[in-house]
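First to last, the protein sequences are chains B and V. Numbers given in the numbering used here equal positions in the first sequence, counted from 1, plus 12. Numbers given in the numbering used here equal positions in the second sequence, counted from 1, plus 1383.
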Amino acid sequence: MRRTHVAGLLIGIVFGVVLSWSGMSSPVVIREGLLFEDPYLFLFFFGAVTTAFAGLRILRKRAPRALLTGERVAWEPVKPERRHVVGSLVFGIGWGVSGACPGPIATQLGQGIWWGVPTTIGLVGGILLFRRLQARTHADRGRTPCASVIPSPIAADATA
Amino acid sequence: MLHSQLPWWIGGPILGLCVVAMRWLMNERLGVMGAWSDVVDTVAARRLSFGPFGWVLFGLIAGSAAFAVIAGGRDFHGYGWMTDTFHGTGGTILIAAILLVCGVLIGLGTKVAGGCTSGNGLSGNAMLSPASFVATMTFFATGIAVNVVIAALI
């Protein structure tokens, strides 16, 4: 294991404990948030984004190099494309119905909540389906109907 | 004790610091979909040499398992509106089928959009990325609409 692997593992552990402790593994909490019955979901999200925003601003000014890799700490804003809307619409339907997104699906599995198993199988299937569409679309560039929404393998935010 | 919900003003900022840590340590954008993808891509290539993102996923699972043990078991009863609406063996099969389809939509949609609630919603918005803002508005609006429709139907 490299140092970046250990760092990833530790960040994942903290993320998993907080998601579990905040009740995000529960579809009831997500649903109450999305129906505006409980402000927790939005406040939690707001607290996370503002903290990350402030922290990243400080990093940009004070820490030019990444501690473990020595890379320049930098990022490019991504321009919105059709795929960001189309993909998020498809994701929003799955998230809205199941009350689970990729983080909570992992924490459901970790907590031994077996309802997370079919969602996980579907999630893995969705990633494999995407890989297949991507390979087909970019082998036959421009002619397939999906070309405008399937990002190329070298897209700026392809790591997500 | 641990089953009481962590206050949002503690939990939220800690998640935010995870985003900062990922950037500070290795200049990466923290996103759980990236973590799932790393594991799926690595296994699909018949290898076990996971990158930092794969280890984030293992950490997520280990962290939530540790939480369940320390909290004295999972705090989970049924599956919300689905187990309230569908009963018996047939109901269980139906719910599993619905969740399977939801999983496919979540996996495919987030890959197309280049991020999920954490990658676009959290990390992308914190970098003021316009694409992430558009994606976040879209999935929140869709999630709200879907739940309003379900609430009207059941």
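C-beta: ideal position from N, C-alpha, C; glycine also.
Query	Result
Length of the line joining the Cα atoms of residue 126 of chain B and residue 136 of chain B	16 Å
Rounded separation between residue 115 of chain B and residue 1415 of chain V - CA only	6 Å
Residues from the stretch 1433 to 1444 of chain V in contact with chain B, defined by Cβ distance under 9 Å	1433, 1434, 1435, 1436, 1437, 1438, 1439, 1440, 1441, 1442, 1443, 1444
Straight-line gap, residue 165 of chain B to residue 1430 of chain V (C-alpha atoms, nearest Å)	20 Å
Collapsed DSSP secondary structure at residue 84 of chain B in the structure displayed	strand
Chain B contact residues for residue 1413 of chain V, given Cβ-Cβ distances below 9 Å	23, 27, 64
Length of the line joining the Cα atoms of residue 168 of chain B and residue 90 of chain B	Only weak support is given to the placement of residue 168 of chain B: the predicted model assigns it a pLDDT of 46, under 50, and the value that follows is read from those uncertain coordinates. Distance between the alpha carbons of residue 168 of chain B and residue 90 of chain B is about 7 Å.
Element boundaries [alpha helix (DSSP H), containing residue 1435 of chain V]	1435 to 1453
Span separating the alpha-carbon of residue 1446 of chain V from that of residue 25 of chain B	4 Å
Residues near residue 119 of chain B by beta carbon distance below 6 Å, same chain, minus five either side	28, 31, 32, 37
Rounded C-alpha distance that separates residue 1487 of chain V from residue 1438 of chain V	23 Å
Residues sharing a beta bridge with residue 77 of chain B, DSSP	B/84
Proximity test, Cβ basis, 8 Å: residue 1537 of chain V and chain B	no
Three-way DSSP call (helix, strand, coil) for residue 70 of chain B in this model	helix
Neighbouring residues, chain V, relative to residue 95 of chain B (Cβ below 8 Å)	1495, 1496, 1497
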